[in-house]
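Here the structure comes first, spelled out in structure tokens, and everything after it is commentary.
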Amino acid sequence: TSFGGLSLAFEDTGAANSTTIGGSLAGVAVSHKIKQSKDTETKASGSMGGVDASVHTKDDDTNGANTSVTLSTTVQGMTITYVDVSTSSTRTTSMDGYIGEYDNVSAATAFGVSTEVAGNTVELKRVDVTKTGGNIDQLEITVTRDLGNGATLEASYNDTDAELGLELSYAF
Numbered sequence: 003t004s005f006g007g008l009s010l011a012f013e014d015t016g017a018a019n020s021t022t023i024g025g026s027l028a029g030v031a032v033s034h035k036i037k038q039s040k041d042t043e044t045k046a047s048g049s050m051g052g053v054d055a056s057v058h059t060k061d062d063d064t065n066g067a068n069t070s071v072t073l074s075t076t077v078q079g080m081t082i083t084y085v086d087v088s089t090s091s092t093r094t095t096s097m098d099g100y101i102g103e104y105d106n107v108s109a110a111t112a113f114g115v116s117t118e119v120a121g122n123t124v125e126l127k128r129v130d131v132t133k134t135g136g137n138i139d140q141l142e143i144t145v146t147r148d149l150g151n152g153a154t155l156e157a158s159y160n161d162t163d164a165e166l167g168l169e170l171s172y173a174f
């Protein structure tokens, strides 16, 4: 059901029903989901002055909330991204899509720069994770090349593992 730019949805998934309110207000996409278990998820995203911004909060009503804030802009062909994740208890980071997934995290930040060089996408990213069992301070470099016909080659290196990873993917 929609009214005044907002939509209201009810999802019946057996024992875990949920209600979602969402829409676009003044150019900002907003949604709020309430589950039967009292868990909530709130998202907001938009662009202001050439900077894309998003906030994503998940609260599971038992352990508190996870919040991620992402800021991204493009300057002179380089995309600059900053992400900050905070939790009220140790959690798994997986909701921002930029830092990646780590277990037992209390806070994490990442700063990265991505640009095109000779037909390759080159990304340099610094990730700092505060977690139970030891912190991670990692510098990553990833080079991605479109090989044509749906094939992509990706090479990645991080200074924590000192390993070079190669991935060849093909999309049909």
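Take the sequence shown: its position 53, counted from the start at 1, is 55 in our numbering, and no numbers get skipped. Yeah, the Cβ is synthetic: ideal placement off N, Cα and C, and Gly gets one too. All values derive from a computational prediction rather than experimental measurement.
**OP:** Leaving aside the five residues before and after V32 along the sequence, list all residues of the same chain whose C-beta is less than 6 Å from its C-beta, in chain order.
**Re:** Against the sequence shown, residue 32 aligns to sequence position 30. Excluding positions up to five away in sequence, the list reads A46.
Subject >> E43 classed as buried or exposed, judged by whether at least 16 other C-beta atoms fall within 10 angstroms >> reply: Here residue 43 corresponds to residue number 41 of the sequence shown, with the count starting at 1. Its Cβ being crowded by 16 or more others within 10 Å, E43 is buried.
Original post:
By how many angstroms is the C-alpha of S108 removed from the C-alpha of N68?
Top reply: Translated into positions along the sequence shown, residue 68 becomes position 66. Translated into positions along the sequence shown, residue 108 becomes position 106. Computed Cα separation, rounded: 9 Å.
**OP:** Tell me whether the beta-carbon of G144 lies closer than 9 Å to the beta-carbon of T117.
**Re:** Locating residue 144 in the sequence shown gives position 142, counting from the first residue. Locating residue 117 in the sequence shown gives position 115, counting from the first residue. What sits at residue 144 in the sequence shown is Thr, not Gly. No, the pair does not count as a contact, with Cβ atoms beyond the cut-off.
**OP:** With DSSP as the reference, please indicate the residues paired to V40 in a beta bridge.
**Re:** Walking along the sequence shown from the start, residue 40 turns up at place 38. Looking at the sequence shown, residue 40 is not Val but Lys. DSSP lists no partner for K40.
Subject >> D163 versus V131: straight-line alpha-carbon distance, rounded >> reply: Here residue 163 corresponds to residue number 161 of the sequence shown, with the count starting at 1. Here residue 131 corresponds to residue number 129 of the sequence shown, with the count starting at 1. So the two alpha carbons sit approximately 15 Å from each other.
Original post:
Do you know whose CA, among S20, S56, S158 and I36, lies nearest V30's CA?
Top reply: Numbered from 1 along the sequence shown, position 28 holds the residue referred to as residue 30. Of S20, S56, S158 and I36, the residue nearest in Cα terms is S56.
Original post:
Can you name, in chain order, every residue of its own chain whose Cβ lies under 7 Å from the Cβ of N160, other than the five neighbours on each side?
Top reply: Along the sequence shown, one-based indexing puts residue 160 at 158. Hits under 7 Å: Q140, L141 and E142.
Original post:
How is Q140 classed by DSSP in three states: helix, strand or coil?
Top reply: As a position in the sequence shown, residue 140 is number 138, starting the count at 1. Here Q140 sits in strand by DSSP.
**OP:** List the residues that DSSP assigns as beta-bridge partners of Y159.
**Re:** Mapped onto the sequence shown, residue 159 falls at position 157. The partner list for Y159 (beta bridge, DSSP) reads I143 and L166.
Original post:
Assuming G152 contacts F174 under a Cβ cut-off of 8 Å, what Cβ separation, rounded to an integer in Å, is found between them?
Top reply: Here the question's residue 152 lines up with position 150 in the sequence shown. Here the question's residue 174 lines up with position 172 in the sequence shown. Rounded, the Cβ-Cβ distance is 7 Å, consistent with contact.
Original post:
Among G52, E165, E156 and A11, which residue has its Cα nearest to the Cα of V77?
Top reply: To locate residue 77, count along the sequence shown from 1; it is residue 75. Nearest option by C-alpha distance: G52.
Original post:
Just to confirm, does D139 get its C-beta within under 8 Å of one of the non-hydrogen atoms of the ligand NAP?
Top reply: The ligand NAP is absent from the structure shown, which contains no ligands of any kind.
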